[in-house]
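Below is one structure, written out as structure tokens; the observations come after it.
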Ligand code: SF4
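Numbering (the working numbering), first residue to last: 1 to 212.
Next comes the structure, spelled out in structure tokens:
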């Protein structure tokens, strides 16, 4: 269920989101790989990917709610000023106030989303990662800065191309092997990207570095 958010500043401290975890680390994937960032993983996801590696996130009610002020204060304790909102599927919640509050503290706001819920919030970077398990909404193809397709099976390469065809011309396009299938899929992706150079490869480098 969406968290109801109003834009009345007096109510900002009362606004809450379920937070599964929040941590300061290095972005391991996609365009900002290698960049320090504060990650906020919201609880709740209605997409249901069979290979999901954060299934614990699915039930939002399992995770304690934090006020926007608490979330932003914790983020501000670290030196980097990039916040990555991830999940779960963060866009099942209204992101307007959280993103405005983060921006007030000087953060760049990045999101990782499957694009299956209407876009809310004020974003510097939208990483759109469509999943086969729930159809994404049209607006993401026009608004996202990055398309990241997780490749679990060779046929996903053709599926990725269908999404790439619909993306805005400025978007960065990434193919990323699903972690458990990496050994099998990486050679396929390497070959595919060499022959289709509009794509780049994204690896889950945080897993190689043993960081969250
Ligand atoms: S969208 Fe993300 S969190 Fe949700 S099921 Fe898929 S991989 Fe897991």
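The beta carbon of each residue, even a glycine, is placed where N, CA and C say it ideally should be.
Just verifying my parser: in three-state terms, what is the DSSP assignment at residue i?
{"i": "residue 137", "result": "coil"}
{"i": "residue 90", "result": "helix"}
{"i": "residue 185", "result": "helix"}
{"i": "residue 158", "result": "helix"}
{"i": "residue 1", "result": "Bear in mind that a pLDDT of 44 at residue 1, under 50, signals an unreliable position, so the number given afterwards is only what the model happens to contain. Residue 1 falls in the coil class under three-state DSSP."}
{"i": "residue 179", "result": "helix"}
{"i": "residue 168", "result": "coil"}
{"i": "residue 128", "result": "strand"}
{"i": "residue 120", "result": "coil"}
{"i": "residue 7", "result": "Its pLDDT being 42, under 50, residue 7 is placed unreliably in this model, and the value from its coordinates should be taken loosely. It is coil, neither helix nor strand."}
{"i": "residue 109", "result": "strand"}
{"i": "residue 104", "result": "helix"}
{"i": "residue 227", "result": "Given that the chain is displayed from residue 1 to residue 212, the structure contains no residue 227 and the question cannot be resolved."}
{"i": "residue 72", "result": "helix"}
So residue i and residue j are in contact, right, with Cβ under 8 Å, and what is the actual spacing, rounded?
{"i": "residue 18", "j": "residue 60", "result": "5 Å"}
{"i": "residue 198", "j": "residue 173", "result": "6 Å"}
{"i": "residue 84", "j": "residue 39", "result": "5 Å"}
{"i": "residue 86", "j": "residue 212", "result": "About 11 Å; that fails the 8 Å criterion."}
{"i": "residue 16", "j": "residue 89", "result": "The Cβ separation is near 17 Å, so there is no contact."}
Tell whether a beta-carbon distance below 8 Å holds between residue i and residue j.
{"i": "residue 30", "j": "residue 202", "result": "yes"}
{"i": "residue 112", "j": "residue 127", "result": "yes"}
{"i": "residue 42", "j": "residue 122", "result": "no"}
{"i": "residue 101", "j": "residue 68", "result": "yes"}
{"i": "residue 207", "j": "residue 179", "result": "yes"}
{"i": "residue 120", "j": "residue 96", "result": "yes"}
{"i": "residue 140", "j": "residue 170", "result": "no"}
{"i": "residue 150", "j": "residue 176", "result": "yes"}
{"i": "residue 186", "j": "residue 164", "result": "no"}
To which residues does DSSP link residue i through a beta bridge?
{"i": "residue 41", "result": "21 and 86"}
{"i": "residue 174", "result": "148 and 200"}
{"i": "residue 26", "result": "36"}
Looking at chain B, is there any beta carbon in it that lies within less than 8 Å of the beta carbon of residue i?
{"i": "residue 207", "result": "The structure shown contains no chain B; it is built from a single protein chain."}
Please determine if the stretch 62 to 80 and the stretch 159 to 168 are in contact, where contact requires at least 3 C-beta pairs separated by less than 8 Å. Contact fails: fewer than three Cβ-Cβ distances are below 8 Å.
So, do the stretch 127 to 146 and the stretch 44 to 52 have three or more beta carbon pairs nearer to each other than 8 Å? yes
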